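Note that the sequence shown covers residues 1093 to 1467 in my numbering. We treat Cβ as the ideally placed atom computed from N, Cα and C, and that holds for glycine. Small disclaimer: the values here were computed from a predicted structure and weren't measured. Worksheet for the structure shown next.
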Amino acid sequence: MRSDHRLDGFRDEAALFIAQAVASGDACPSYGAILPPDLHMKAMHWQRFCFDNGWAGVHWPSECGGMGLTPEHNVVWHEECATAEVSPYLNLQGLVLAGEAIMRSGTEDQRERFLRSTLRNDILWCQLFSEPGAGSDLAGLQSSAILDGDHFVLNGQKVWSSNAQLAQFGILMARTDFEQPKHKGITFFLLDMTLDGVEVRPIKQMTGEREFCEVFFSDVIVPSDAVLGDVNGGWGVAMAVLQDERGGAGASGVISLRRRLEDMIRDTGDINPVQIDGLIEILNRGRALQTLMERRGDDSRIAPIAKLMNSELGYDEAQLDASLRGAHSMLTNPSIQALLYSPGMRIAGGSSEIQRNIIGERILGLPREPQVTSD
Ligand SMILES: Cc1cc2nc3c(=O)[nH]c(=O)nc-3n(C[C@H](O)[C@H](O)[C@H](O)COP(=O)(O)OP(=O)(O)OC[C@H]3O[C@@H](n4cnc5c(N)ncnc54)[C@H](O)[C@@H]3O)c2cc1C
1093 MRSDHRLDGF RDEAALFIAQ AVASGDACPS YGAILPPDLH MKAMHWQRFC
1143 FDNGWAGVHW PSECGGMGLT PEHNVVWHEE CATAEVSPYL NLQGLVLAGE
1193 AIMRSGTEDQ RERFLRSTLR NDILWCQLFS EPGAGSDLAG LQSSAILDGD
1243 HFVLNGQKVW SSNAQLAQFG ILMARTDFEQ PKHKGITFFL LDMTLDGVEV
1293 RPIKQMTGER EFCEVFFSDV IVPSDAVLGD VNGGWGVAMA VLQDERGGAG
1343 ASGVISLRRR LEDMIRDTGD INPVQIDGLI EILNRGRALQ TLMERRGDDS
1393 RIAPIAKLMN SELGYDEAQL DASLRGAHSM LTNPSIQALL YSPGMRIAGG
1443 SSEIQRNIIG ERILGLPREP QVTSD
């Protein structure tokens, strides 16, 4: 963990606030980027508790209820939450993706309407990007929102939308112009999930949870003030959102890695030299990721690297954990949850293969892979 005397006072205050909240039972255990439905109520309470006590939105402006501090203070908040194994926010989709997008691209009315209520958790958000035929190739999305007078008519289907069954609003990408090249005819919306014609169907995952959903739109009347940014300018808004999603990965998640590895050693008993090598490798990769995140500054190239390192680290850690504990423990040990969940992390937010493509083409300058479409 970084030591910076400008932030030390804030770090102490944050640690104290969190410790008191843990002791009083107000804090919610950490769960990663996506809110698990069984912790929904606890997490809602924790977000509201932070807001009511002036500890929500560390780097958000004070006029929308935030603390008005710097992104570095926010990193400290995340580190202290990770150390205490407490969730730093309600969910990534609202407190990072929607919130930062509205701060960047929202009108005054949208900032007024959504920022404070998101921090207070009056609004829980989901992300409505992926479709059955458009995941890695997001620009191929086919959900349509056609302008009709003063509103848009939305039709189509989204899939893998985490927390959609709990959400009041969703950040949505939909095609508003089918004549334009595919990246250019897309608009970004702040969609009210309670509108007529929005239907959410949870999907059961192999963990047994129903954390993500299919979402269907049938002639949904979407007011034009739901557009974030420009009509047909949604691709740029969405790319900044993906940057936030990928770049945030791993900022603090590796802080508790050492403790998890110690748990593995304690629970396993005899460990052979090959397994020791495996533990050391995971620890070193965790440290490398943490160091990368601490030095990242404003460098946007870090996002795909951090996302790739974090997803692969989580997957390999879960595999190692399972191999150390042995077959029987897979039936009983809570770490089976991590084992079943970790493959999804190599896909969510953009798959590892896609991050490798981005790193190869945009950072290393390798030749682009052949395009199958004309745009
Ligand atoms: C746990 C979880 C939560 C999610 N939450 C959300 C959410 O809240 N909102 C949302 O909108 N989406 C969400 N997603 C969806 C996620 O963003 C997509 O699954 C992801 O972008 C991959 O898209 P796809 O599933 O369509 O796979 P595809 O794009 O069909 O890819 C299938 C396979 O082909 C590989 N592949 C594809 N193209 C290439 C290429 N050019 N080069 C090399 N390999 C390639 C991929 O890496 C993958 O292995 C979530 C996914 C998961 C697993």
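Asked	Found
Gln1185 beta carbon near ligand 1 (any heavy atom closer than 8 Å)	yes
Rounded C-alpha distance that separates Arg1140 from Arg1212	5 Å
Reduced DSSP secondary structure (H/G/I, E/B, other) of Ala1176	coil
Any non-hydrogen atom of ligand 1 closer than 8 Å to Ala1174 Cβ	no
Ligand 1 heavy atom lying under 8 Å from the CB of Leu1283	no
Per DSSP, the bridge partner or partners of Gly1262	Cys1218, Leu1283
Proximity test, Trp1252 beta-carbon vs ligand 1 heavy atom, cut-off 8 Å	yes
beta-carbon Gln1219 near ligand 1 non-hydrogen atom, thresh 8 Å	yes
Which of helix, strand or coil DSSP assigns to Met1093	Because the pLDDT of Met1093 is 47, which lies under 50, any placement of that residue in the model is unreliable, and the number read from its coordinates should be weighed accordingly. Three-state result, Met1093: coil.
Beta bridge counterpart(s) of Val1346 as assigned by DSSP	According to DSSP, Val1346 bridges with nothing at all.
Per-residue burial, Asp1317 [other beta carbons within 10 Å of its own, 16 or more giving buried]	exposed
Residue closest to Met1285, alpha-carbon to alpha-carbon, out of Asp1104, Ala1259, Glu1445, Pro1462	Ala1259
Continuous alpha helix (DSSP H) stretch holding Ser1427: start and end	1427-1437
Closest Cα partner of Trp1147 within the set Lys1134, Ile1110, Asn1402, Leu1131	Ile1110
beta-carbon Ser1209 near ligand 1 non-hydrogen atom, thresh 8 Å	no
Under 9 Å between C-beta atoms of Gln1219 and Arg1338	no
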